[in-house]
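Numbering (the working numbering), first residue to last: 48 to 601.
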């Protein structure tokens with residue numbers, strides 16, 4: 048296990064018996080959107096620490112803003128965390144489980160003169176808070192009596208006021224250098240039906256307040272948040288110290304994930320969906336975990352990525368190639384090999400008998416002989432990649448061109464003799480070649496003819512048409528979130544659809560999301576939404592190597 052500062056804190060706490068030998072963490076998502084790769088870092092950290100220290104990690108939904116929440120997001124989050132390989136056992140909770148507790152603690156704070164009902168409009172509350180360089184101003188309602196505050200707060204709960212008429216604020220310090228301590232709002236009125244509690248409540252607690260109480264009620268020992276909550280920690284501690292909660296959790300912060308060519312803002316990701324730049328939250332170009340899963344990313348590759356980037360307090364921009372390499376590393380060992388022709392052109396072996404067919408064997412994986420072999424049928428008419436042929440080769444091109452010899456992978460060496468073109472467009476329509484009979488792979492003398500090129504192929508008698516989707520980075524700028532108009536950086540070539548690609552028949556039985564290496568082309572998976580047995584669709588998860596920086600260099 049690689050170490051990090053949070054792991055070291057936990058080790059020290061256990062050595063000093065500061066948590067009674069317990070480790071309890073939590074992952075508290077808001078059910079107002081889909082999880083993205085940044086959330087995976089938090090999931091792997093929280094669940095991983097609980098696993099490694101034989102503790103427990105709770106999955107708790109922060110459902111304190113019903114206007115933006117939906118059961119669709121809840122179901123997706125539960126499914127996604129499980130897909131990543133983590134389980135919370137019986138510890139599935141919701142902030143709404145604790146609404147009554149939060150309310151009772153709020154009344155207690157009022158009774159002790161530590162909270163008050165403010166009737167200022169939101170604009171005035173914002174104005175009275177001051178700035179980073181000037182102190183705030185006390186609300187004229189700050190000195191309401193305890194009786195008046197209790198009466199108003201109870202009336203708020205009974206629905207006697209409209210949204211925005213009143214809020215409940217903590218009475219801390221309007222001159223604090225920390226803006227979060229300038230009498231923060233802990234309750235607001237929202238006449239919105241909650242997806243779990245219905246119309247029972249029309250006042251809802253704010254996150255900073257409900258989160259601290261939820262942690263304490265669940266006896267969380269280490270409340271791990273991203274770095275933007277560091278300034279909120281004094282408020283977290285204040286709530287824990289000034290309410291009669293049953294435990295004293297502590298908050299720790301780590302840097303959130305920022306990754307090149309990737310947008311992490313949920314609001315901007317929602318814009319991409321609503322404005323039609325992508326097909327939905329599960330579009331394979333999205334950094335959402337449902338999108339990455341549909342594209343072909345595996346749980347193992349994402350967990351490896353989160354382990355590899357580590358945990359620290361320093362903000363950094365992780366190169367997306369780190370994530371891509373983790374997927375390559377996983378699939379290189381675990382993905383069966385298959386043949387697909389992305390842009391086919393016909394190849395006729397003129398000296399091979401018409402109607403004849405012979406079997407060529409291809410391993411399902413070159414490093415796993417126990418996975419067995421599959422059969423490819425060699426015939427007179429084949430298909431090869433259009434990019435494997437040039438009428439006038441450039442320097443260093445070792446594939447097909449007139450007069451060149453190459454090996455058809457698992458089959459024979461062939462010599463290109465000529466080609467046909469479309470009389471109108473000039474496009475090559477057919478390549479002609481002769482095969483060398485004594486060069487079949489796996490037979491004595493197969494290597495008697497030395498060639499530099501080795502290309503893949505499919506027989507015209509068994510090749511199956513498929514749609515193949517080539518995905519690339521959604522943004523052309525390495526840091527789109529820093530741009531004034533991030534949409535100007537959209538990569539309009541991030542999706543290329545090949546409707547006339549060809550695949551070998553063995554791929555017709557592939558299951559949803561099953562991954563393969565298409566030899567010489569990259570790693571692909573079955574699209575879980577659109578693929579059908581009669582019309583298969585495959586998504587490119589990642590190329591065999593980083594082609595983006597190579598292309599940029601050219």
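All C-beta atoms in this analysis are idealised placements derived from N, C-alpha and C, irrespective of residue type, glycine included. Fair warning: this is a prediction, and the values are worked out from it, not measured in the lab.
Subject >> Residues bridged to residue 501 [DSSP beta-bridge criterion] >> reply: DSSP output for residue 501 lists 454 as bridge partner(s).
Original post:
The alpha helix (DSSP H) spanning residue 145 covers which residue range?
Top reply: Annotation: residue 145 is outside any alpha helix (DSSP H) and is labelled neither H nor E by DSSP.
**OP:** For residue 306, name the three-state secondary structure that DSSP assigns.
**Re:** In the structure shown, residue 306 sits in a strand (DSSP, three-state: E or B).
**OP:** Use the C-beta contact count for residue 427: other C-beta atoms within 10 angstroms, 16 or more gives buried, fewer gives exposed.
**Re:** That one is buried.
Original post:
On the three-pair Cβ rule with 8 angstroms, is the stretch 496-505 touching the stretch 527-536?
Top reply: Using a C-beta cut-off of 8 angstroms, the stretch 496-505 makes no contact with the stretch 527-536, since fewer than three inter-stretch Cβ pairs fall below that distance.
Subject >> Alpha-carbon to alpha-carbon, residue 434 and residue 600 >> reply: The predicted position of residue 600 is uncertain, since its pLDDT is 46 and thus under 50; no value can be drawn from it.
**OP:** Report the rounded CA-to-CA distance for residue 450 versus residue 462, giving the unit in angstroms.
**Re:** Answer to the nearest angstrom: the Cα atoms are 6 angstroms apart.
Original post:
Is the stretch 130-138 in contact with the stretch 101-109, if contact means three or more CB pairs nearer than 8 angstroms?
Top reply: The answer is yes - the stretch 101-109 touches the stretch 130-138, with three or more Cβ pairs under 8 angstroms.
Original post:
Could you give the residue range of the alpha helix (DSSP H) that holds residue 99?
Top reply: That run of the alpha helix (DSSP H) goes 84-99.
**OP:** Determine the burial state of residue 226: buried for a count of at least 16 other Cβ atoms within 10 Å of its Cβ, exposed for fewer.
**Re:** Exposed, since its Cβ has fewer than 16 Cβ neighbours within 10 Å.
**OP:** Starting from the C-beta of residue 420, find all residues in its chain whose C-beta is less than 6 angstroms away, skip the five residues before and the five after it, and write them out in chain order.
**Re:** Excluding the 5 residues flanking it on each side, residue 420 has same chain C-beta neighbours closer than 6 angstroms at 408, 410, in chain order.
**OP:** Have a look at residue 299 and residue 584 and give me their C-alpha separation to the nearest angstrom.
**Re:** Near 45 angstroms, if we compare the C-alpha coordinates of residue 584 and residue 299.
Original post:
Out of 473, 472, 464, which has the shortest C-alpha to C-alpha gap to residue 483?
Top reply: Nearest C-alpha to residue 483: 464.
**OP:** Go ahead and label residue 262 buried or exposed: buried means 16 or more other beta carbons lie within 10 angstroms of its beta carbon, across all protein chains shown.
**Re:** Counting every other CB atom within 10 Å of its CB across the protein chains shown gives residue 262 a total of 16 or more, marking it as buried.
**OP:** Work out the CA separation of residue 337 and residue 167 for me, nearest whole Å.
**Re:** If you draw a straight line from the Cα of residue 167 to the Cα of residue 337, it comes to about 43 angstroms.
Original post:
Cβ atoms of residue 555 and residue 510: under 8 angstroms apart, would you say?
Top reply: Contact annotation: residue 510 and residue 555 have beta-carbon atoms that are not nearer than 8 angstroms.
Subject >> Contiguous alpha helix (DSSP H) assignments of at least 4 residues, all confined to the stretch 252-276 >> reply: Inside the stretch 252-276, DSSP marks whole alpha helix (DSSP H) runs of 4 or more residues at positions 254-264, from first to last along the chain.
**OP:** Flag this pair as touching only if the stretch 567-582 and the stretch 309-319 have three or more C-beta atom pairs under 8 angstroms; answer yes or no.
**Re:** Contact check between the stretch 567-582 and the stretch 309-319: fewer than three CB pairs, one atom from each, fall below 8 angstroms, which does not count as touching.
**OP:** May I have a chain-ordered list of the beta strand (DSSP E) segments no shorter than 3 residues that lie completely inside the stretch 521-570?
**Re:** The stretch 521-570 contains these whole beta strand (DSSP E) runs: 542-550, 562-565.
Original post:
Do you know how far the Cα of residue 88 is from the Cα of residue 477?
Top reply: One C-alpha to the other measures close to 51 angstroms.
**OP:** Taking 8 angstroms as the threshold, find out whether the stretch 249-257 comes into contact with the stretch 49-68 through three or more Cβ pairs.
**Re:** Verdict: no, contact absent.
**OP:** Out of 517, 260, 145, 256, state which residue places its alpha-carbon closest to the alpha-carbon of residue 590.
**Re:** Checked all of 517, 260, 145, 256; the closest Cα to residue 590 is 517.
**OP:** Can you tell me which of 211, 200, 171, 506 puts its alpha carbon nearest to the alpha carbon of residue 404?
**Re:** Of the candidates 211, 200, 171, 506, the one whose C-alpha sits nearest the C-alpha of residue 404 is 506.
Original post:
How close, in whole Å, do the beta carbons of residue 254 and residue 109 come, if the pair is a contact with beta carbons under 8 angstroms?
Top reply: About 6 angstroms; that satisfies the 8 angstroms criterion.
Original post:
Nearest-angstrom Cα distance between residue 203 and residue 222?
Top reply: Distance from the CA atom of residue 203 to the CA atom of residue 222, rounded to whole angstroms, is 28 angstroms.
Original post:
Span of the alpha helix (DSSP H) holding residue 353?
Top reply: For residue 353, the uninterrupted alpha helix (DSSP H) segment begins and ends at 346-356.
Subject >> For residue 544, the nearest candidate out of 297, 587, 443, 113 (CA to CA) >> reply: Ranking the options by Cα distance to residue 544, first place goes to 587.
**OP:** May I ask you to verify whether the stretch 144-158 touches the stretch 286-295, counting CB pairs closer than 8 angstroms and requiring at least 3?
**Re:** A contact exists between the stretch 144-158 and the stretch 286-295.
Original post:
Does the distance from the CB of residue 341 to the CB of residue 331 come in under 8 angstroms?
Top reply: Contact: yes.
**OP:** Kindly indicate which three-state DSSP category residue 516 falls into: helix, strand or coil?
**Re:** It is a strand residue.
Subject >> Backbone secondary structure at residue 416 - three-state DSSP >> reply: Helix at residue 416.
**OP:** Please say whether residue 339 and residue 84 have beta carbons closer to each other than 8 angstroms?
**Re:** Cβ atoms of residue 84 and residue 339: closer than 8 angstroms.
**OP:** Report yes or no: do three or more beta-carbon pairs, one from the stretch 518-527 and one from the stretch 294-310, lie closer than 8 angstroms?
**Re:** Contact annotation: the stretch 518-527 touches the stretch 294-310, with at least three C-beta pairs closer than 8 angstroms.
**OP:** Select from 86, 173, 425, 189 the residue whose C-alpha is nearest the C-alpha of residue 457.
**Re:** Closest option to residue 457, Cα to Cα, is 425.
**OP:** Count the CB pairs spanning the stretch 235-245 and the stretch 178-197 that are closer than 8 angstroms, and state whether there are at least three.
**Re:** No, because fewer than three Cβ pairs between the stretch 235-245 and the stretch 178-197 fall closer than 8 angstroms, the two stretches do not touch.
**OP:** Mark residue 592 as exposed unless 16 or more other C-beta atoms lie within 10 angstroms of its C-beta, in which case mark it buried.
**Re:** A residue is called buried once 16 or more other Cβ atoms fall within 10 Å of its Cβ, and residue 592, having fewer, is exposed.
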